[in-house]
Structure formats: C-alpha cells, structure tokens
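*Asks:* Below you'll find the structure I mean.
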Amino acid sequence: MVWLLPSPAMLLVGLTGGIGSGKSTVAGLLVERGAVLVDADAVVHELQAPGQPVLVAMVERFGEEILNEDGSLDRAAVANEVFGDEAALADLNAIVHPAVRTELANRVLAQAETDHVVIMDVPLLTESGLAGLAGVVVVDVDPEAAVDRLVRHRDFDETDARKRVAAQASREERRKLADWVIDNSGDHSALVEAVDELWADLKARRDGGERSDATLRYGSK
-5 MVWLLPSPAM LLVGLTGGIG SGKSTVAGLL VERGAVLVDA DAVVHELQAP
45 GQPVLVAMVE RFGEEILNED GSLDRAAVAN EVFGDEAALA DLNAIVHPAV
95 RTELANRVLA QAETDHVVIM DVPLLTESGL AGLAGVVVVD VDPEAAVDRL
145 VRHRDFDETD ARKRVAAQAS REERRKLADW VIDNSGDHSA LVEAVDELWA
195 DLKARRDGGE RSDATLRYGS K
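Now the structure itself:
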C-alpha cells in the first residue's frame, strides 16, 4: 500500500478500471477539463528506460533476453518470463513497485501547494491499494464489452483478450472501491456527458463540498 499526503487545497483522486474499460479515455477527458494526471503506466515506462536502475536490476534478474536489440525493454519477453511463475512475478514486482511508488508520491507532492484536482491513474489500484485518496473513480464496463473492444480496437486475439480480462480484479472488486462510477457501456458522447458530471462533482468536492455516503454513478442508467 502507498501512503500519500494530499494538501488541504489539492484534491487527490484515484482512477482505475479493467483493461478495455476506457480508463485512459476518461483520464484524457479529465485532463482536458483541467485535471493534473499522474499516470502510473507512464511512470513505469520511464523507470524501465535504458540506463535506469530499474531496468538494470531487471536484466540482472532475468537476463539480456528481455532486451530488444537497441537496449530497450522487450515487454513481451518479460511477460513470457513471469507468466505462470509466481516466484518470477514476485521478483519482478519487488524490483519495479518500490521505485514506482516513490516516483508517484514525488509527483503528487509536487502538486501539494496547488488547488488542482490530481488524478492518479493506477490500473492495479484494486490489487495494490493507495491510502490518502479523497476517493476513487472506477470506469466500469461489462467484461464481454471489454473483450470486444480489445479484439476490435487493439488487435487482440479473442482468447488472449479473455485471459487478460479474467486475470485482473473482478468488476465487483473494483466497484467496492468506488466513490464514483463511470459507466462506459454507451457511446463516446454518453461518456463525455458522464465525465462532465463527474468533473463538476470533483471541483465541488475540492472547493469544500460535502462527501456523499453513496457511490455516485454517471453514464448509462
């Protein structure tokens, strides 16, 4: 679990959702409306760049077979190394996660004296946990819709898409964390409308509005 220390003025909110949910689209829409994004995936990629200590440690553990010819990380090779091997996955996480947590905390602290709405985009928020958040936004979609999007828009084989969806936290587990739920089962215009409603609520919360005890849902009714 990562402990973060938000300031009284800044609103720090977690954003999560399963693969194929449209989480990245929601993050982009929130940035367009004025949010500051702290993207865990982007941090991971930066820390795994050639010459970075994280990549050096990964090569020491898994060998140069995980590198492309240009010295960059071959992510597919890493996935093959750890798939189905709990010990290897634990070793990978022990190398990557502490560095990522430190960098995420540093980026949040850089906003501590502002009144920004800071969105912490963490794909595995359900599994890893974050403390210090004002709340969590979950982008929700039916698993079958997620599989369909992966096949149609991201060139996944259907079998692989189903494995990826099944390997993550369940829809129910994510929704248990939610203070706000974005239902992304509709079209893009419905998603934009839902994000507009969410953004208005986030700004009100930042400006001192009371927190509702109920999970707030936006999108398809």
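Counted from 1, the sequence shown has number 157 at position 163 by the working numbering; the numbering is strictly sequential. For every residue, glycine included, the Cβ atom is placed at its ideal position computed from N, Cα and C.
#1: In the structure shown, what three-state DSSP assignment does residue 153 receive?
#2: In the DSSP assignment, find the unbroken alpha helix (DSSP H) run with residue 23 in it and report its ends.
#3: Does DSSP put residue 49 in a helix, a strand or coil?
#4: Jot down the residue ranges of each uninterrupted beta strand (DSSP E) in the stretch 94 to 121, minimum 3 residues, whole runs only, in chain order.
#5: How would you call residue 150, buried or exposed, if buried means at least 16 neighbouring beta carbons within 10 angstroms?
#6: What first and last residue would you give for the alpha helix (DSSP H) that runs through residue 190?
#7: If I'm right that residue 177 touches residue 211 with Cβ under 8 Å, what's the distance once you round it to whole angstroms?
#8: Quick check: the Cα distance between residue 99 and residue 32, rounded to an integer number of angstroms?
#9: How many Å lie between residue 215 and residue 189 at the Cα?
#10: May I ask you to list the residues that DSSP assigns as paired with residue 85?
#11: Looking at the structure shown, is residue 35 part of a helix, part of a strand, or coil, going by DSSP?
#12: Assuming residue 179 and residue 136 are in contact, meaning their beta carbons sit under 8 Å apart, how far apart are those beta carbons, in whole angstroms?
#13: Return yes when the Cβ of residue 13 is within less than 8 Å of the Cβ of residue 132, no when it is not.
#14: Counting Cβ pairs, one atom from each stretch, are 3 or more of them under 8 Å apart for the stretch 83 to 90 and the stretch 3 to 20?
#15: Which partner residues does residue 11 have in the DSSP bridge list?
*Replies:* Well, looking at it:
#1: Taking the first residue of the sequence shown as position 1, residue 153 is located at position 159. In the structure shown, residue 153 falls within a helical segment according to DSSP collapsed to helix, strand and coil.
#2: Counted from its first residue, the sequence shown places residue 23 at position 29. First-last of the alpha helix (DSSP H) with residue 23: 17 to 26.
#3: The residue you call residue 49 lines up with position 55 of the sequence shown. In the structure shown, residue 49 sits in a helix (DSSP, three-state: H, G or I).
#4: Secondary structure within the stretch 94 to 121: the beta strand (DSSP E) runs of 3 or more consecutive residues, fully enclosed, are 111 to 115 (chain order).
#5: As a working note, residue 150 is residue 156 in the sequence shown. Sixteen is the threshold: when 16 or more other Cβ atoms of the shown chains lie within 10 Å of the Cβ of residue 150, as they do, the residue is buried.
#6: As a position in the sequence shown, residue 190 is number 196, starting the count at 1. Element bounds for residue 190: 182 to 200.
#7: Residue mapping note: residue 177 aligns to position 183 of the sequence shown, counting from 1. Residue mapping note: residue 211 aligns to position 217 of the sequence shown, counting from 1. Contact between residue 177 and residue 211 holds, with the beta-carbon distance rounding to 6 Å and staying under 8 Å.
#8: Working through the sequence shown from its first residue, we reach residue 99 at position 105. Working through the sequence shown from its first residue, we reach residue 32 at position 38. When only Cα atoms are considered, residue 99 and residue 32 end up about 10 Å apart.
#9: Against the sequence shown, residue 215 aligns to sequence position 221. Against the sequence shown, residue 189 aligns to sequence position 195. Here residue 215 scores only 49 on pLDDT, less than 50, and its place in the model is too uncertain to base an answer on.
#10: Position 91 of the sequence shown, counted from the first residue, corresponds to residue 85. The partner list for residue 85 (beta bridge, DSSP) is empty, contrary to what the question assumes.
#11: For the purposes of this step, residue 35 is identified with residue 41 of the sequence shown, where counting begins at 1. Note: residue 35 maps to helix in three-state DSSP.
#12: Mapped onto the sequence shown, residue 179 falls at position 185. Mapped onto the sequence shown, residue 136 falls at position 142. That belief holds up - the Cβ atoms of residue 179 and residue 136 are roughly 6 Å apart, short of 8 Å.
#13: Numbered from its first residue, the sequence shown carries residue 132 at position 138. Numbered from its first residue, the sequence shown carries residue 13 at position 19. The Cβ-Cβ distance between residue 132 and residue 13 does not fall below 8 Å.
#14: No, they do not touch.
#15: Residue numbering aside, residue 11 sits at position 17 when the sequence shown is read from its first letter. DSSP output for residue 11 lists 133 as bridge partner(s).
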